[in-house]
Amino acid sequence: MGNHSKRTFRSALWAAALLLAVGAAGAWLASKPAVAAAAGGIEFNAEAGFNGKVRDGKWTRLRVTLTNRTDGDLKGELAFTAMLPNGGYNVTYAVPADLPAGTPVVLDLTVPGMAFSEDNNRLAFHLGNAPGGKTVPFTSGRPYVNAPADRGTLIGVIARDPNTLNFMPILNTKGYNLNVIPIQADDVPDRSMQLDGLDYLVLNDIPTGSWSETKRQAVRAWVQRGGTLIVSGGAGYAKTAEGFADLVPVKPEGTANLKTVEALVRLAGGKSPLKLTAPVTISAGTLAAGRVTLA
């Protein structure tokens, strides 16, 4: 990416932050297990990445929802086997699973990001331990993951307004490859590596103080490995920054009225000032003291 392109992208991110601030094939593949046509098995649904977006070459989350439709409780392991593109050998990832009869159970696995298709992966539920345990058939869904691999920039957004940053893909007309992915706060993973497919994580006008320490630590570890966390929220910045007070560089101190944004627009690379018809309430704050070493 050239210097001009980098400046354009940085300017776009600055503009976004300002708008947020002022706006409130092995043998296992040769015999493919069939999905059972009748009841007496497990209902199955799977999604790789966030909203089906998978970053090529990065660890990602595989979320599987299983509903036991047999007559009794099941105890065993959910196994995901993938044929890796480099070398073509198979790797299996398994997670213990207790499936009470009739109750949906959500399981998350950490798997390598790649283009998933019927020809390179398989999911199975084994009684006892995988792979030796007897398999229980799936009564619905496909026993594999189907998702393309993305090599562009993935921007995860957790915000009160679901349309936050939905204008960013406009830059794709300038040669960028940007994808904005809305994420629910409840979907933030507990395992840091499952965030590795994201380049940016934007938090805007949502409370983070109630997040579990496990989730917050996952985000912190992701930042330490090079992820970019953007915290905003306009007048609601204080509640957004609460869970990451040790990371954000600005300590919130009440609110203020912004009457003009000319200086901010110039800082973001704008050529003409943004006209405000009325003062806008924003968060006020001071730079946090000290220094934090991220890596």
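The sequence shown runs -27 to -1, 1 to 268 under mature numbering (1 follows the signal peptide of the UniProt record, and there is no 0).
Ideal placement from N, C-alpha and C gives every residue a C-beta, glycine not left out.
Top-ranked residue by Cα proximity to Tyr66, from Pro135, Thr126, Arg34: Taking the Cα of Tyr66 as reference, the smallest distance to any Cα among Pro135, Thr126, Arg34 is reached at Arg34.
Residue closest to Ala122, alpha-carbon to alpha-carbon, out of Glu50, Lys26, Ala132: Lys26
Thr213 and Asp172 closer than 8 Å at C-beta: Going by C-beta atoms, Thr213 is not nearer than 8 Å to Asp172.
Neighbour-count burial assignment, Phe111, 16 or more Cβ in a 10 Å radius: buried
Beta-carbon gap between Val64 and Leu57 smaller than 8 Å: yes
Rounded Cβ spacing between Ala208 and Thr254 (contact assumed at less than 8 Å): 5 Å
Residues near Val204 by beta carbon distance below 6 Å, same chain, minus five either side: Once the five neighbours on either side are set aside, the close Cβ partners of Val204 are Leu176, Thr213, Ala214, Val221.
Of the listed residues Gly206, Thr126, Asn102, nearest to Asp169 (C-alpha basis): Thr126
DSSP state of Pro180 mapped onto helix, strand, coil: coil
Local Cβ density within 10 Å of Arg239, reported as buried at 16 or more and exposed below that: exposed
Of the listed residues Ala194, Met141, Ala55, nearest to Arg95 (C-alpha basis): Ala55
Cβ neighbours of Ala103 in the same chain (closer than 6 Å, five flanking residues each side left out): Glu50, Ala52, Ala67
Three-way DSSP call (helix, strand, coil) for Pro252 in this model: Coil at Pro252, not helix or strand.
Candidates Asn93, Leu72, Phe89, Pro77, of which the one nearest Tyr62 by Cα: Asn93
Environment of Lys107 [buried if 16+ CB atoms lie within 10 Å]: exposed
Bounding residues of the alpha helix (DSSP H) (the contiguous stretch that carries Tyr210): 210 to 214
Residue ranges of each beta strand (DSSP E) within the segment 117 to 182, 3 or longer: Complete beta strand (DSSP E) runs here, min 3: 126 to 132, 151 to 155, 173 to 177.
Candidates Ile154, Lys224, Asp134, Thr250: closest to Thr233 by CA position: Ranked by Cα distance from Thr233, the first of Ile154, Lys224, Asp134, Thr250 is Thr250.
Beta-bridge pairing of Gly13 - partner residues as DSSP gives them: None, per the DSSP bridge assignment.
8 Å Cβ cutoff met for Met141 and Leu151: yes
CB-CB length for Arg189 against Thr83, believed under 8 Å: Not a contact, Cβ separation roughly 18 Å.
Cβ-based neighbour list, Ile154, same chain, cut-off 7 Å, excluding 5 preceding and 5 following: Once the five neighbours on either side are set aside, the close Cβ partners of Ile154 are Phe23, Asn24, Lys26, Leu127, Ile128, Gly129, Val130.
Three-state secondary structure (DSSP) of Val221: In the structure shown, Val221 adopts coil according to DSSP, grouped into three states.
Rounded distance between the beta-carbons of Thr38 and Ile15, thought under 8 Å: 10 Å between Cβ atoms; not a contact.
7 Å CB neighbourhood of Val79 in its chain, flanking five on each side removed: By the criterion of a C-beta distance shorter than 7 Å, Val79 is surrounded in its chain by Arg36, Thr38, once the five residues flanking it on both sides are discounted.
C-beta atoms of Ser257 and Gly227 nearer than 8 Å: What sits at residue 257 in the sequence shown is Ala, not Ser. Cβ distance < 8 Å, so Ala257 and Gly227 count as in contact.
Cβ pair Ala21, Phe89 closer than 8 Å: Yes, these two residues count as a Cβ contact at 8 Å.
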